[in-house]
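A.B. asks:
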Amino acid sequence: MPLGISSNEVWSRAQANTKSRSEQKNDSYKWIEGKNASRALLTEGTEIIQIADRQADIFTFLYECISDGFSFLVRSKTNRIITISTDSDAKKEMLYEYMDNQPIIYTDQLSIESNSKRKAANFKVDIRKGRVVLSSPASRTRNMDAKKPRQLEVNAILEPRRQK
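In my numbering, the protein residues as written are 60 to 223.
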């Protein structure tokens with residue numbers, strides 16, 4: 060089972076108003092370009108797992124990963140509104156608050172060594188998971204292809220809170 064990097068690009072971020080740029084000009088789009096470069100290189104039947112930072116937390120990237128059959132692990136950038144479906148109805152909730160109420164699936168202690176910028180610290184780490192539905196942001200929906208879904212169902216894992 061070989062592991063490796065199939066796409067890598069180094070760039071420096073220009074100082075500009077990122078809210079006003081189109082998605083294709085945004086730093087986040089680099090993740091979509093990397094995903095596409097990986098798809099072009101790898102053969103059918105290859106399991107691809109995209110591991111990405113907060114800049115990849117955009118609906119288009121997640122949608123394209125699912126469409127291409129990629130698995131992904133993306134660190135959340137925003138506390139977005141999610142949809143929770145039950146047998147009787149669906150309700151809206153905030154992602155972080157919903158995840159705070161999910162059962163703990165793993166607990167451990169994490170020790171961080173000191174360096175010139177921080178003191179040593181020990182943290183309790185609680186991991187939680189849940190299945191949620193993400194909706195396409197309104198600002199992107201009006202420009203989306205009508206065939207693309209407006210919602211994605213994904214597994215979420217709560218980033219641990221720092222507890223002394």
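Beta carbons are placed, not taken as given, at the ideal position from N, Cα and C, and that holds for glycine.
Can you tell me where the beta strand (DSSP E) with K188 in it begins and where it stops?
C.D. replies: Note, K188: beta strand (DSSP E), 180-194.
A.B. asks: Considering only their Cβ atoms, is the gap separating R190 from R214 smaller than 7 Å?
C.D. replies: Note on identity: in this sequence residue 214 is Asn, with Arg being the wrong assignment. Yes; because the gap between Cβ atoms is below 7 Å, this pair is in contact.
A.B. asks: Out of curiosity, what's the CA-to-CA distance linking Q161 and S65?
C.D. replies: Q161 and S65: Cα-Cα distance of roughly 35 Å.
A.B. asks: Look at S87 and Q114 and say whether their C-beta atoms are less than 7 Å apart.
C.D. replies: Yes, the pair counts as a contact, with Cβ atoms nearer than the cut-off.
A.B. asks: If you draw a straight line from the C-alpha of Q210 to the C-alpha of S194, how long is it?
C.D. replies: Looking at the two C-alpha atoms, the distance is approximately 4 Å.
A.B. asks: Touching or not, the region 141-159 and the region 117-133, by the rule of three or more beta carbon pairs under 8 Å?
C.D. replies: At 8 Å Cβ cutoff, the stretches do not touch.
A.B. asks: Would you decide whether T137 is buried or exposed? Buried here means 16 or more other CB atoms lie within 10 Å of its CB.
C.D. replies: Exposed: under 16 other Cβ atoms inside 10 Å.
A.B. asks: So for T119, helix, strand or coil by DSSP?
C.D. replies: Reduced to three states, the DSSP call for T119 is helix.
A.B. asks: Kindly indicate the opening and closing residues of the alpha helix (DSSP H) around L101.
C.D. replies: That residue, L101, is in no alpha helix (DSSP H); it is neither H nor E in DSSP.
A.B. asks: Please report how far the alpha carbon of N181 lies from the alpha carbon of D116, in whole angstroms.
C.D. replies: So the two alpha carbons sit approximately 29 Å from each other.
A.B. asks: Please return the same chain residues whose Cβ sits closer than 7 Å to the Cβ of I164, not counting the five positions on each side in sequence.
C.D. replies: Around I164: I186, R187, K188.
A.B. asks: From K99 to Y122, what distance separates their C-alpha atoms?
C.D. replies: Note on residue identity: the sequence assigns Ala, not Lys, to residue 99. Going by the C-alpha atoms only, they are around 18 Å apart.
A.B. asks: I'd like to know whether the C-beta atoms of V192 and E172 end up nearer to each other than 7 Å.
C.D. replies: No. Outside cutoff.
A.B. asks: To the nearest whole angstrom, what separates the beta carbons of L132 and I141, a pair I think is in contact under 8 Å?
C.D. replies: Not really, about 18 Å apart at Cβ, beyond 8 Å.
A.B. asks: Is D112 closer than 7 Å to R139 when the C-beta atoms are compared?
C.D. replies: Not a contact, by the Cβ cut-off of 7 Å.
A.B. asks: Would you kindly report the start and end of the unbroken alpha helix (DSSP H) that includes D167?
C.D. replies: Premise fails: D167 lies in the beta strand (DSSP E), 163-171, not in any alpha helix (DSSP H).
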